[in-house]
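Student: The structure is given below, and queries will be raised subsequently.
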Amino acid sequence: MSTLEIHDLQVSVKLPEGDLKPILAGVDLTVKSGETHAIMGPNGSGKSTLAYSIAGHPKYQITGGSVTLDGDDVLAMTVDERARAGLFLAMQYPVEVPGVSVANFLRTAKTAIDGEAPKLRTWAGDLRSAMEKLHMDPAFAQRNVNEGFSGGEKKRHEIMQLELLKPKMAILDETDSGLDIDALRIVSEGVNRVRETGETGLLLITHYTRILRYIKPDFVHVFVAGRIVQEGGPELAEELEAGGYERYVAARA
Ligand code: ADP
Ligand code: MG
Ligand code: MG
Numbered sequence: 001m002s003t004l005e006i007h008d009l010q011v012s013v014k015l016p017e018g019d020l021k022p023i024l025a026g027v028d029l030t031v032k033s034g035e036t037h038a039i040m041g042p043n044g045s046g047k048s049t050l051a052y053s054i055a056g057h058p059k060y061q062i063t064g065g066s067v068t069l070d071g072d073d074v075l076a077m078t079v080d081e082r083a084r085a086g087l088f089l090a091m092q093y094p095v096e097v098p099g100v101s102v103a104n105f106l107r108t109a110k111t112a113i114d115g116e117a118p119k120l121r122t123w124a125g126d127l128r129s130a131m132e133k134l135h136m137d138p139a140f141a142q143r144n145v146n147e148g149f150s151g152g153e154k155k156r157h158e159i160m161q162l163e164l165l166k167p168k169m170a171i172l173d174e175t176d177s178g179l180d181i182d183a184l185r186i187v188s189e190g191v192n193r194v195r196e197t198g199e200t201g202l203l204l205i206t207h208y209t210r211i212l213r214y215i216k217p218d219f220v221h222v223f224v225a226g227r228i229v230q231e232g233g234p235e236l237a238e239e240l241e242a243g244g245y246e247r248y249v250a251a252r253a
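So the sequence shown is numbered by the UniProt record's numbering: it starts at 1 and just counts up by one.
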């Protein structure tokens, strides 16, 4: 059982001139293993900033608050330490890793996180089965990470990582963007398999409600202008589908 606890998190983005632009204005959120939380909000509200801050992206400066995983100070950890502690971030814009195949990348990541290399005998089978479940061609394992991947391939690759690395907490930023309806279903099924293990806490960040037709969140948080302005159960996603974010944005103006 794991708990990710975000308390009064305040974050600024470092601009190229060296100035700081405040983005997160005090975020409170607790996610436990087995729970699925959806963060929904308009473009530019700071959703990705929240994800990057938890992941330890150097462009974002923490100006206040705390993030802990099972009581350990996440913000004091290096990016590697965060991954080893069991945090997983699927980026809205995944990076290319030239010269490193998907198979090698996954094996290296698994080794780093578990502290020992996966057993050769079972690993090949696990990899194959993860790919089959996501309807991926076995040849995909030999391609270089994210090099020339289509939007759908990038997302499937992320879910493959999620299934194989078995993190304690996973943050999926706009996993639904750029997916056609079949890919969205396949990716959602993968997320639901991870969810059903009960061992991973999931934070789904999204702009649209459509992924929430396939993945039913336990909790929905509405995110506007760098903070959570409303919280509820899955019914809140349906309200947003009907009414959009307008009333939350207007209430702040
Ligand atoms: P969301 O994911 O909700 O669309 P973001 O976290 O990407 O929001 O962005 C929140 C705000 O911070 C936006 O106004 C965006 O322009 C600004 N921002 C984020 N990253 C940077 C950056 N690297 N440089 C300048 N502004 C940024
Ligand atoms: Mg955005
Ligand atoms: Mg974003």
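Glycine included, each C-beta is placed from N, C-alpha and C at the ideal position.
(1) For a test of the three-state rule: what should DSSP assign to T68, helix, strand or coil?
(2) If you drop the 5 nearest sequence neighbours on each side, which residues of the same chain put their C-beta closer than 8 Å to that of L184?
(3) Alpha carbons only, please: which of S2, D28, S66 and F88 is nearest the one belonging to F223?
(4) Just how far apart, CA to CA, sit A83 and E239?
(5) What does the alpha-carbon distance come out to for the pair I181 and Y248?
(6) Kindly provide the ranges of any beta strand (DSSP E) runs that are 3 or more residues long and lie completely inside the stretch 90-141, ordered along the chain.
(7) Compute the Euclidean distance between the alpha carbons of D19 and L50, then round it to the nearest angstrom.
(8) In terms of residues, what are the limits of the alpha helix (DSSP H) holding G151?
(9) Which complete beta strand (DSSP E) runs does the stretch 208-249 hold, if anything under 3 residues is left out?
(10) Compare the beta carbon distance of V145 and F88 with 8 Å and say whether it is the shorter of the two.
(11) Using 8 Å as the Cβ pair cut-off and three pairs as the minimum, do the stretch 64-78 and the stretch 31-48 touch?
(12) Examine ligand 3 and report whether any of its heavy atoms sits within less than 7 Å of the Cβ of K47.
(13) Just to confirm the assignment, what range does the alpha helix (DSSP H) spanning V27 have?
Tutor: Taking the definition as stated:
(1) Here DSSP, grouped into helix, strand and coil, assigns T68 to strand.
(2) Within the same chain, and ignoring the five residues on either side of L184 in sequence, the residues whose Cβ sits closer than 8 Å to its Cβ are D176, R210, I211 and Y214.
(3) Here the closest residue by C-alpha is D28.
(4) Whole-angstrom Cα-Cα distance: 35 Å.
(5) Distance between the alpha carbons of I181 and Y248 is about 29 Å.
(6) Look at the stretch 90-141 and you find these whole runs of beta strand (DSSP E), each 3 residues long or longer: 97-101.
(7) Taking the straight line from one Cα to the other gives about 19 Å.
(8) Residues G151 to L165.
(9) List check, beta strand (DSSP E) in window: 219-224 and 227-232.
(10) No, the pair does not count as a contact, with Cβ atoms beyond the cut-off.
(11) Contact annotation: the stretch 64-78 does not touch the stretch 31-48, with fewer than three C-beta pairs closer than 8 Å.
(12) Flag set: Cβ of K47 near ligand 3.
(13) Taken as a continuous stretch (DSSP letters only), V27 belongs to no alpha helix (DSSP H), being part of the beta strand (DSSP E) at L20 to K32.
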